[in-house]
Amino acid sequence: MGIVVVNPGPLTLVEDLGRHGWASLGLSPSGALDRQSLRLANLLVGNPAEAAGLEILLGGLRLRFVTASTVAVAGAEGIVTLNGAEIPLNQAVRVAPGAVLDFGAPLFGLRYYLAAQGGIDVPKLLGSRSTDMLSGEGPAPLKPGGQLGIGRVSVGNGLVSGTDSVPGHGSGPGAGSGAGAGIGTINSAHALPAIRRAPDPGRAITARVDRGPRADWFDDDSWRRLVSQEWTLSPDSNRIGARLVGRPLTQTRLEELPSEGMVLGALQVPPSGLPTVFLADHPVTGGYPVIAVVRRADLDLLGQARPGQRIRFLG
Amino acid sequence: MWRLNRSPDRTLLPCGDSAFLVELPGLAAVVAYYRGLTGAGTSAGVSAPPGIIDVVPAARTVLVTFDPETIRPSEVRNWLESAEPAAGVSGSGREVTIEVSYGGPDLAETAQLLGMSEAEMVTLHTGSEWTAAFSGFAPGFVYLVTTHERLRVPRRNTPRTAVPAGSVGLAGEFSGVYPRSSPGGWQLIGTTTAALWDASKAEPAAIRPGDLVRFVEA
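Protein chains in written order, with our numbering: chain A, 1 to 315; chain B, 1001 to 1218.
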C-alpha cells in the first residue's frame, strides 16, 4: 500500500472527473468540485487528467507515504508541509518512503487537490473512482489508519520524472524533446492548465449565469435581485449544493412543479426564495423551479467558496 | 428570447450552456419521446449522437445534457426537435419480470382503501403491464405506471423512517420497488429478492426507464 491515512481531517475524499451518463438511473455525476485544480495536479505529476486524486476539505489531512511517490497539490492555498518543511503548491514534489505530508487550514479557497504519480488506486465503479456523497456510491471518505494504493506509472507518458519539481510553468510544448530519460521534461502531449488563484475569502467571487428553464416562474424583479445583490454562502453548503443567503427571490407561479431533471450548476429555488446551486453530488431530479444555471466554467470557483464568502452572479 | 421553440407537442427550454429541458404534454408523451431518443431505452442509447451525456426522463420533461466540446448546441436542438416518439413496446425497452411475495405490512389496508379484496389487488398488480417512466429518489428506484387507475392510492400519512430493501409499494399513480433501505411513505404490499441496483455491474439497474415490467407471485 502506498499511503497510510494518519488523520483524514474534516473530510477527505477520492475524486476524479466524475461518473457521467447515469443520471437517468438516479446517479449524480460526482467528481472533483474544482475540476481544473485536480486536472492541474494530475498533469503536474504526469497523470492523465482523469486520474483519481484526493479532495481535501479545509486541510487537517496527515498522510504517511509507505512507498516513494511524486505528488502535487493544487486548488486551495495554505501551508502544506513534508516532514515539517513547507512545500510549494502547484509543483511536482518527490516524496521519500516514510515521509509525512500535512495540510494546514487553507488561507484561500476551501479544497486542496492532491495528485500522486500513478493516481490513487481504488476500484472503479461505473467508470469512475469518485465518491458520491448523496448516493453513497464510490469509496468511503478517508478514515484514520486507512490505506490507499497508488497506481502504476505509465512510463513515457509523464510530465516529470525523477526531479524535485516541474520546471517553469511556461515551458512550451516539446521543450524537453529528446532529453533521453525525460528528466525534468515537459511532455508535448499535455498542455498544463493555467494556475487559477483560489478565491480570497474576503472578496466576492463572480459566477456567470444563464436564464434557467423556469425563469418565467419568477417576477422580473427576482432576476434583478439575483444578479444585482451579493449573496453569502451558507455554512450548510456541501458537495450536493452551495446554499445561498440574501434577499429572497419571489415566485409568481405558486403551483407545484412536477419533478424534473436537474443539471449541475442549477439554481434551484424553494419556497423560501433562497437558491441552492447544485454541485457535483446533486440529486438528478427535483421539484423546485430553476431560475438560472451557472456556467460550467465558473463552477470550479463555487467549489472553492468558503462559508460566509460573498458571491455575485453575472447575468 | 430564452424560450427557444414551441411546437404543438414539445417545448425546448434552455438549461445552461450544456443542457436542454424538453417539456411534453404528459407522462405518456415523455415515455414515448424518451424511447424515441434513446432507442434501446438505455441512458444515452444507440440513437443518441456522440457528445450526449444523459437523457433524463421525468414527470413531464426530458432533460438532455451534452458536452459542448463534442457537439454544438444547435445540433442537439435539431436532434431533439426532429426525434420521433416511439409508441408502445415495439423494438424499444426490455421486458423485466419481478417476483414478488405479496404480504407487505400495508397489504390489507391498501386493499381496503381500494375497495377490493387482497387477492383481487394482487391479481390486478400482477395482471397489469407496468412501464418504467423515470428514476429518482435513489439510484435504481424507478417510477412505474400502468394504463388504468384502479391501483391509485394515497401515500401513508406518516412515512416510515426505514423501508426495507426490496419492498414493493404503491403511491399515487405509481408502483415501485425500493432498491435499498431508506425512509419512505409508499404503501408496502410485498417484497422481492431481486437485486434492483448493483453498481459493480456494467448494467447496474434491474429496471431502466423505458422498460416494461411485470410482477409475478413468487
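Cβ coordinates follow ideal geometry from the N, Cα and C atoms, glycine included.
Residue i and residue j closer than 8 Å at C-beta
| i | j | result |
| --- | --- | --- |
| Leu82 of chain A | Leu107 of chain A | no |
| Asp34 of chain A | Gly303 of chain A | yes |
| Ile3 of chain A | Leu44 of chain A | no |
| Gly1016 of chain B | Val293 of chain A | yes |
| Leu54 of chain A | Leu110 of chain A | no |
| Gly127 of chain A | Gly151 of chain A | no |
| Ala215 of chain A | Arg312 of chain A | no |
| Pro1014 of chain B | Arg208 of chain A | no |
| Thr1061 of chain B | Val1022 of chain B | yes |
| Gly21 of chain A | Asp1054 of chain B | yes |
| Gly1026 of chain B | Glu1084 of chain B | no |
| Ser1101 of chain B | Gly1190 of chain B | yes |
| Pro248 of chain A | Ser272 of chain A | yes |
| Ser259 of chain A | Ala1059 of chain B | yes |
| Tyr113 of chain A | Ala74 of chain A | yes |
| Ala23 of chain A | Gly286 of chain A | no |
| Gly1176 of chain B | Gly26 of chain A | no |
| Pro1179 of chain B | Ala1138 of chain B | yes |
| Tyr1034 of chain B | Pro1049 of chain B | no |
| Leu148 of chain A | Gly138 of chain A | no |
| Thr131 of chain A | Pro144 of chain A | no |
| Thr1146 of chain B | Glu1129 of chain B | yes |
| Glu1118 of chain B | Arg1152 of chain B | no |
| Ala28 of chain A | Asp281 of chain A | What sits at residue 28 of chain A in the sequence shown is Ser, not Ala. For Ser28 of chain A and Asp281 of chain A, yes; Cβs fall inside 8 Å. |
| Thr1131 of chain B | Val1030 of chain B | no |
| Arg953 of chain B | Thr1097 of chain B | The question about residue 953 of chain B has no answer here: the residues shown for chain B are numbered 1001 through 1218. |
| Val71 of chain A | Ala116 of chain A | yes |
| Val290 of chain A | Leu267 of chain A | yes |
| Pro201 of chain A | Gln309 of chain A | yes |
| Glu1099 of chain B | Ala1199 of chain B | no |
| Tyr288 of chain A | Val263 of chain A | no |
| Gly9 of chain A | Phe103 of chain A | yes |
| Glu15 of chain A | Ala52 of chain A | yes |
Where the alpha helix (DSSP H) through residue i begins and ends
| i | result |
| --- | --- |
| Thr1038 of chain B | Leu1027 to Thr1038 |
| Leu40 of chain A | Arg35 to Leu44 |
| Gly1127 of chain B | Glu1118 to Gly1127 |
| Gln1112 of chain B | Leu1107 to Leu1114 |
Residues bridged to residue i [DSSP beta-bridge criterion]
| i | result |
| --- | --- |
| Ile56 of chain A | A:Thr12 and A:Tyr112 |
| Tyr1143 of chain B | B:Phe1134 |
| Gln147 of chain A | A:Val4 |
| Gln1187 of chain B | B:Leu1170 |
| Glu50 of chain A | Answer is none; Glu50 of chain A lacks a bridge partner. |
| Ser1182 of chain B | B:Val1163 |
| Pro1014 of chain B | B:Phe1020 |
| Gly1176 of chain B | B:Gly1169 |
| Val1153 of chain B | B:Gly1172 |
| Gly18 of chain A | Paired residue(s): none; Gly18 of chain A is not in a bridge. |
| Trp1197 of chain B | B:Ala1205 |
| Gly31 of chain A | Gly31 of chain A is not bridged to any residue. |
| Thr285 of chain A | A:Gly261 |
Residue i, enclosing beta strand (DSSP E) - first and last residue
| i | result |
| --- | --- |
| Thr1097 of chain B | Glu1095 to Tyr1102 |
| Leu301 of chain A | Leu301 of chain A -> not in any beta strand (DSSP E); alpha helix (DSSP H) instead, spanning Leu299 to Gly303. |
| Glu961 of chain B | This structure gives no information on residue 961 of chain B, because the portion of chain B shown stretches from 1001 to 1218. |
| Thr206 of chain A | Ile205 to Arg211 |
| Ala292 of chain A | Val290 to Val294 |
| Pro1085 of chain B | Premise fails: Pro1085 of chain B is in no beta strand (DSSP E) and is neither H nor E. |
| Phe1215 of chain B | Leu1212 to Glu1217 |
| Arg310 of chain A | Arg310 to Leu314 |
| Phe278 of chain A | Thr276 to Phe278 |
The ligand HEM heavy atom lying under 7 Å from the CB of residue i
| i | result |
| --- | --- |
| Val290 of chain A | The ligand HEM is absent from the structure shown, which contains no ligands of any kind. |
Answer yes if the region 1158-1166 of chain B comes into contact with the region 89-106 of chain A, meaning at least three C-beta pairs across the two stretches below 8 Å, and no otherwise.
no
Can you give, in chain order, each stretch of the alpha helix (DSSP H) that sits fully within the region 1045-1075 of chain B and has at least 4 residues?
The region 1045-1075 of chain B contains no whole alpha helix (DSSP H) run of 4 or more residues.
I want to know whether the region 60-74 of chain A touches the region 209-228 of chain A - three or more CB-CB distances under 8 Å.
When C-beta atoms of the region 60-74 of chain A are compared with those of the region 209-228 of chain A, fewer than three pairs fall below 8 Å, so the two segments do not count as touching.
Enumerate, from N- to C-terminal direction, the unbroken beta strand (DSSP E) stretches of 3 or more residues contained entirely within the region 223-272 of chain A.
230-233, 241-245 and 266-268
Check whether the region 228-243 of chain A and the region 190-199 of chain A are in contact - that is, three or more C-beta pairs closer than 8 Å.
no
Ignoring anything shorter than 3 residues, give me the beta strand (DSSP E) runs that lie fully in the region 55-143 of chain A, in order along the chain.
Runs of the beta strand (DSSP E) lying entirely within the region 55-143 of chain A, each at least 3 residues long, are 61-65, 69-82, 92-95 and 100-116 in chain order.
Is the region 1196-1206 of chain B close to the region 1122-1129 of chain B, with three or more CB pairs under 8 Å?
no
Counting Cβ pairs, one atom from each stretch, are 3 or more of them under 8 Å apart for the region 1098-1117 of chain B and the region 1166-1181 of chain B?
yes
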